[in-house]
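First up is the structure itself, then whatever we jot down about it.
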Amino acid sequence: MFETLVDGFYAAFSAAQTEIYTRIVQPALFATGLMSFADDAYDAVQFFLIGVLQIVLMLVLLRPLESIAPAEAWRERRAVRVDVLYTLVHRLGLFNLVFFFAFRPLFDALQSWLRLMGFVNLNLEDVWPGVTDHALASFLIYLLILDFAGYWYHRWSHTFRWWWALHAVHHSQRQMSLWTDNRNHLLDDLIKAAFFAAIAILIGVSPVQFVLLVAVSEWLQSLQHANTRLRFGWLGERLLVSPTFHRRHHAIGAGHEGRHRGCNFGVLFPWWDMAFRTADFSAAAVATGIRDQLPPPVGRSADYGDGFWAQQWLGLKRMARSLRPAHRNGSDGRPPASRTDRTESA
Numbered sequence: 153m154f155e156t157l158v159d160g161f162y163a164a165f166s167a168a169q170t171e172i173y174t175r176i177v178q179p180a181l182f183a184t185g186l187m188s189f190a191d192d193a194y195d196a197v198q199f200f201l202i203g204v205l206q207i208v209l210m211l212v213l214l215r216p217l218e219s220i221a222p223a224e225a226w227r228e229r230r231a232v233r234v235d236v237l238y239t240l241v242h243r244l245g246l247f248n249l250v251f252f253f254a255f256r257p258l259f260d261a262l263q264s265w266l267r268l269m270g271f272v273n274l275n276l277e278d279v280w281p282g283v284t285d286h287a288l289a290s291f292l293i294y295l296l297i298l299d300f301a302g303y304w305y306h307r308w309s310h311t312f313r314w315w316w317a318l319h320a321v322h323h324s325q326r327q328m329s330l331w332t333d334n335r336n337h338l339l340d341d342l343i344k345a346a347f348f349a350a351i352a353i354l355i356g357v358s359p360v361q362f363v364l365l366v367a368v369s370e371w372l373q374s375l376q377h378a379n380t381r382l383r384f385g386w387l388g389e390r391l392l393v394s395p396t397f398h399r400r401h402h403a404i405g406a407g408h409e410g411r412h413r414g415c416n417f418g419v420l421f422p423w424w425d426m427a428f429r430t431a432d433f434s435a436a437a438v439a440t441g442i443r444d445q446l447p448p449p450v451g452r453s454a455d456y457g458d459g460f461w462a463q464q465w466l467g468l469k470r471m472a473r474s475l476r477p478a479h480r481n482g483s484d485g486r487p488p489a490s491r492t493d494r495t496e497s498a
């Protein structure tokens, strides 16, 4: 059943991709003398179509949810607008296209070098013969592996100060909504894309599966960031990260503070937080953002930027400052660490 659905979706998707490419993109490439980029442009159409589908589902399913049961009521949504821009840049393929051109040759060279050195990609068939004959089984296994890696990637971005300086762009949004997932520093996004692409290559994920895995993960993360009181019940909250569970991760005083530099790092599944004791299932209403943004004496009224380029530039400045030897605890938006915290953050 799953294989039939996947095959049907892929056939329809490929037909739409080919139609757009042959009618619009290919003539434009020919007219501008850029036909040498034909294959790359065809892939770019794929990124664009996936993004369009995701955004349509976000508007149709998630926006009404925010209106019916909002976690917070806002007088105006001006702060949300920049997040819409981040979403369009990422979901419509611009970021993926830049990453593709910049890093794909490096990954191809790495794979060639590994083959020459006798390294063979890990393959599920070697561990579980026949598993890849079942599309759903292999999809879920790859999803689990990548989600486990995602937990640690996310937790590390809170642990190391230079990394937190970049990741703080994401947490500085005080009007968290369905658009907030893609609000990230571009350098952090490049590191993340390279990290997961490398893992996908190492474990033998096919390009088609990887695209589907990323699409499913991204849409669920949009749901998690939605401004809604939606909960999945006692059991459901422990099976899949909900908007309530993830809102706690963005909470001032909880989501990026404490012994573990935060809580609820799970990307899709809360199991990793439960296993490593970083889960917080509290459903109390909390303000989102960073303590540093609050006025004195609680915070410093720190400026994290209102516009896209301001947020990117200030993120780089914070990172540079965090790397200075004279850097002191407490100047990065978090309270001074305990002795245990300093050991963990080293």
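Count along the sequence shown starting at 1, add 152, and that's the number in my numbering. Note that beta-carbon positions come from the ideal geometry of N, C-alpha and C, so glycine has one too.
Which word fits residue i, buried or exposed, when buried means at least 16 other C-beta atoms lie within 10 angstroms of its C-beta?
{"i": "Pro179", "result": "exposed"}
{"i": "Ser166", "result": "exposed"}
{"i": "Glu409", "result": "buried"}
{"i": "Arg229", "result": "exposed"}
{"i": "Gly388", "result": "exposed"}
{"i": "Ala317", "result": "buried"}
{"i": "Val321", "result": "buried"}
{"i": "Arg267", "result": "exposed"}
{"i": "Arg429", "result": "exposed"}
In its own chain, which residues sit with a C-beta less than 6 Å from the C-beta of residue i, not counting the 5 before and 5 after it?
{"i": "Ser329", "result": "Val232 and Asn379"}
{"i": "Thr239", "result": "Trp331 and Asn334"}
{"i": "Arg413", "result": "His310 and Thr311"}
{"i": "Asp235", "result": "Trp331, Thr332 and Arg335"}
{"i": "Ile202", "result": "Ala367"}
{"i": "Gly270", "result": "none"}
{"i": "Gln376", "result": "Val393, Pro395 and His398"}
What does residue i pair with, by DSSP beta-bridge criteria?
{"i": "Ala403", "result": "Thr440"}
Going by beta carbon distance, what residues of the same chain come within less than 7 Å of residue i, once the five residues before and after it are set aside?
{"i": "Ser374", "result": "Met210, Leu214, Leu330 and Asp333"}
{"i": "Glu224", "result": "Asn379"}
{"i": "Asp299", "result": "Val419, Leu420 and Phe421"}
{"i": "Lys344", "result": "Tyr305"}
{"i": "Met187", "result": "Leu181"}
{"i": "Gly459", "result": "Val234"}
Can you give me the C-alpha to C-alpha distance between residue i and residue j, rounded to a whole angstrom?
{"i": "Ile172", "j": "Gly302", "result": "33 Å"}
{"i": "Ala406", "j": "Arg307", "result": "14 Å"}
{"i": "Ile297", "j": "Pro449", "result": "43 Å"}
{"i": "Val393", "j": "Arg476", "result": "36 Å"}
{"i": "Ala472", "j": "Trp465", "result": "11 Å"}
{"i": "Pro395", "j": "His323", "result": "15 Å"}
{"i": "Pro216", "j": "His319", "result": "29 Å"}
{"i": "Thr174", "j": "Ile442", "result": "48 Å"}
{"i": "Arg400", "j": "Ser219", "result": "20 Å"}
{"i": "Gly160", "j": "Trp386", "result": "35 Å"}
{"i": "Gly457", "j": "Arg227", "result": "20 Å"}
{"i": "Ala436", "j": "Ser369", "result": "26 Å"}
{"i": "Gln169", "j": "Leu365", "result": "19 Å"}
{"i": "Arg383", "j": "Leu446", "result": "28 Å"}
Do the CB positions of residue i and residue j come within less than 9 Å of each other?
{"i": "Trp315", "j": "Asp340", "result": "yes"}
{"i": "Ser313", "j": "Ser453", "result": "Checking the sequence shown, residue 313 turns out to be Arg, not Ser. Against a cut-off of 9 Å, the Cβ pair of Ser453 and Arg313 comes out as no contact."}
{"i": "Leu237", "j": "Ile207", "result": "no"}
{"i": "Arg162", "j": "Val177", "result": "A small correction: the amino acid at residue 162 is Tyr; Arg does not occupy that position in the sequence shown. Taking 9 Å as the Cβ cut-off, Tyr162 and Val177 do not qualify as a contacting pair."}
What residues in its chain sit with their C-beta under 8 Å from that of residue i, if we drop five residues either side in the sequence?
{"i": "Ser490", "result": "Low confidence applies to Ser490: its pLDDT is 41, below 50, so where it sits in the model is not reliable, and the reading given next is rough at best. These residues qualify, in order along the chain: Arg411."}
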